[in-house]
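Numbering (my numbering), first residue to last: -6 to 128.
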Amino acid sequence: MCIFCKIAKGEIPCYKIYEDNDFLAFLDLSQATKGHTLIIPKKHYDNIFSLDEKIDIMLPVVTVAKALKKSLKIDNINMINNNGPLAGQTINHFHIHLIPRYDNDKVSLNFGENSFTAEELKSLSETIAKEINSK
Ligand code: AMP
Ligand code: ZN
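As structure tokens, this is what we get:
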């Protein structure tokens, strides 16, 4: 059983923030900033590719984000979800990070830069849309 499944079942302790039948939110042990929180479905999904698209994880995410805003008096948050090792996923149980942002914190998110022509963007959008529309 993975470590987040064990946390969901109460077999490993966590600093719990929110719980309902389907979801759990708890402090990330390595606080990128004060209040850094993870939200997980209690059921195991490796990552976004195996996630049931009908699960409504935005309910706990928004609930926790609003609680962080009020309790920590912050107005800025990054919502991050890593899928796969190239994307930085280290725990293979789907989770969303909420990272409160503060003036001069040490968090660095760099998207890098790529330039595509309009023709390339058109072709790219069509390729992806075709996959969705073939379902
Ligand atoms: P990711 O790199 O997106 O897979 O994030 C995994 C996160 O889980 C990291 O930020 C870790 O600090 C965090 N983490 C690992 N073990 C625990 C734990 N037992 N309790 C809380 N957070 C944890
Ligand atoms: Zn799991």
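In this text, a Cβ means the ideal position worked out from N, Cα and C, and glycines have one as well.
Around the C-beta of T30, 16 or more other C-beta atoms lie within 10 Å, and the residue is accordingly described as buried. For L17, the pairing in a beta bridge is given by DSSP as E12 and I33. With respect to the C-alpha of D39, the residue from G105, I(-4) and A60 having the closest C-alpha is I(-4). Bridge partners of L91 according to DSSP: T30 and M72. Within the segment 35 to 71, the runs of alpha helix (DSSP H) that reach at least 4 residues and sit entirely inside it are, in chain order, 51 to 65. With a threshold of 7 angstroms, the Cβ atom of D39 does not count as near the ligand AMP, since no heavy atom of the ligand is closer than that. In terms of Cα proximity to P53, the closest of L102, I33 and K(-1) is I33.
Take A58, set aside five residues on each side of it, and the residues of its chain with a beta-carbon closer than 7 angstroms to its own are I70 and L91, in chain order. 8 angstroms or more divides the Cβ of K35 from the Cβ of A60.
The alpha-carbon of I84 is positioned some 20 angstroms away from that of Y11.
Counting the other Cβ atoms within 10 Å of the Cβ of I5 gives fewer than 16, which makes it exposed.
The Cβ neighbour count for P78, taken over all protein chains shown within 10 Å, is under 16; the residue is labelled exposed. Residue burial annotation: I121 is exposed, with fewer than 16 other C-beta atoms found within 10 angstroms of its C-beta.
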